[in-house]
Structure formats: structure tokens, C-alpha cells
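Participant: Can you read through this structure? Questions will come right after.
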Amino acid sequence: MTVGEWEIAAVDGADVRLRSGRVGLLSVDVSAPVASGLLQITAQEITVTLNLALDQLKTGNFLLQSAARSIVTRNKAHELVYSGKGPVGEIWSVTGIARAGSIEVELDLTITPIASASSPMGEIEIVGSANMGTVHLPIPGMGTIEDFGFDVDAKLALRAKA
Numbered sequence: 001m002t003v004g005e006w007e008i009a010a011v012d013g014a015d016v017r018l019r020s021g022r023v024g025l026l027s028v029d030v031s032a033p034v035a036s037g038l039l040q041i042t043a044q045e046i047t048v049t050l051n052l053a054l055d056q057l058k059t060g061n062f063l064l065q066s067a068a069r070s071i072v073t074r075n076k077a078h079e080l081v082y083s084g085k086g087p088v089g090e091i092w093s094v095t096g097i098a099r100a101g102s103i104e105v106e107l108d109l110t111i112t113p114i115a116s117a118s119s120p121m122g123e124i125e126i127v128g129s130a131n132m133g134t135v136h137l138p139i140p141g142m143g144t145i146e147d148f149g150f151d152v153d154a155k156l157a158l159r160a161k162a
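The sequence shown lines up with residues 1 to 162 when you count with UniProt numbering.
In C-alpha cells:
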């Protein structure tokens, strides 16, 4: 196990994907770029902070893109900040809160280190899921979704902090 601090690099392609299950005829698939982040590992604990630029989110559907940006603006949720921690173990699991404007969601993530040619901690993969409960989407015909959940999936580059 490696002890230390790593900056989560804000590089092109370092997007976090948020995917829902099917909602009516659609499934929601949104990606948002990483603005910044930090991974800290001590002998006892893993702490991760992650900042996503929600004002730069992308979808593959112009209706969903418009609706997603409307939700971001309406909730003053231009940046999502996640802060989580968990015990060091064979599996790195952290629990924390993701906050964006007036929205708060508890989010459990599993972090997997991915070695590169130059570093045993060149990248991390994060996966997890959360449930937001009832969500109102400003899309004609969609309206209210009673049980909205989403999955998180990302591979992010790390840079050792000096």
C-alpha cells in the first residue's frame, strides 16, 4: 500500500460519467470535467476530494443537455464538490457527501489504483452509485421521476503532490 498525497489532474478526457437507469424512454448519460481533486492515503485512512465543473457538463442529447443545464442554473449548482473518506483495506471504499448548490447526495465510491509505466499510482478508477429520490426534469413529457438513481464511473490521472 502506498502512503502519500496525489492531485487528481484536470486534463482533457478526465470526465466523470453519471448514468441513470432508464427513465421512461430515455436514460440519462451526463459527463462533467474534473476541475480539481486530491487523494490522501495514510496508514489508517483514505480521503478523496473531487470538484466537478457542472457548468461544463455534456450529454449526447440536446434536450437532455438543455434540461441538465437548466437544473444546474436553477439550483446554483455550477460546481459539484465531493468529499469522502474510508478505512485503508484491500478494497478502497470511501463514503461521503456530494454537494452542488442546494443539492446534497450521499455517495459511496470504490477506488482502484491503476499503475502506469512510471508510477504505481498513475491513475485511479472510481465507481459508485447513489439514489437521489424524486427529481423534477424540465423536459416535456418527463416531469417528475420518483426514484432517480445514477452510477459514477471515471478513470482519473494522478500527480504526486510535492
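Even for Gly, the Cβ is constructed at its ideal location relative to N, Cα and C.
From which residue to which residue does the beta strand (DSSP E) around T42 run?
Facilitator: No beta strand (DSSP E) contains T42, which DSSP labels as neither H nor E.
Participant: Give the single residue among K58, A53, T73 whose Cα lies nearest to the Cα of E79.
Facilitator: It is A53.
Participant: Under DSSP, the beta strand (DSSP E) around T2 begins and ends at which residues?
Facilitator: First-last for T2: undefined, no H or E at that position.
Participant: On the premise that I111 lies in contact with G122, defined as a C-beta separation below 8 Å, what is that separation, rounded to the nearest angstrom?
Facilitator: So it is not a contact: roughly 14 Å between Cβ atoms.
Participant: Which same chain residues, not among the five before or five after E104, have their C-beta less than 8 Å away from its C-beta?
Facilitator: If we look at E104 and ignore the five residues flanking it on each side, its Cβ neighbours are I97, A98.
Participant: Within 10 angstroms of the Cβ of F150, are there 16 or more other Cβ atoms? Answer buried if so, exposed if not.
Facilitator: Classification of F150: buried, given that the 10 Å Cβ count is 16 or more.
Participant: Anyone know if the C-beta pair for V48 and G84 falls short of 9 Å?
Facilitator: Result yes, Cβ atoms of V48 and G84 sit closer than 9 Å.
Participant: If you draw a straight line from the C-alpha of N131 to the C-alpha of V152, how long is it?
Facilitator: N131 and V152: Cα-Cα distance of roughly 11 Å.
Participant: Please name the residue or residues paired with T110 in a DSSP beta bridge.
Facilitator: DSSP, once it has assigned bridges, lists S93, V127 as partnering T110.
Participant: With 16 as the cutoff for other CB atoms within 10 Å, does P33 come out buried or exposed?
Facilitator: When all chains shown are included, P33 counts as buried.
Participant: Considering only their Cβ atoms, is the gap separating E5 from K155 smaller than 9 Å?
Facilitator: Taking 9 Å as the Cβ cut-off, K155 and E5 do not qualify as a contacting pair.
Participant: Given this structure, state the Cα-to-Cα distance separating P87 from T2, to the nearest angstrom.
Facilitator: Using only the alpha carbons, I get a separation of about 14 Å.
Participant: Using the three-state DSSP reduction, which class does G57 fall into: helix, strand or coil?
Facilitator: Looking at the sequence shown, residue 57 is not Gly but Leu. In the structure shown, L57 sits in coil (DSSP, three-state: anything other than H, G, I, E or B).
Participant: Quick one, are the C-beta atoms of V72 and G37 less than 9 Å apart?
Facilitator: No, the Cβ-Cβ distance between V72 and G37 is not below 9 Å.
Participant: Which same chain residues, not among the five before or five after D108, have their C-beta less than 6 Å away from its C-beta?
Facilitator: Here the set comprises T95, G128.
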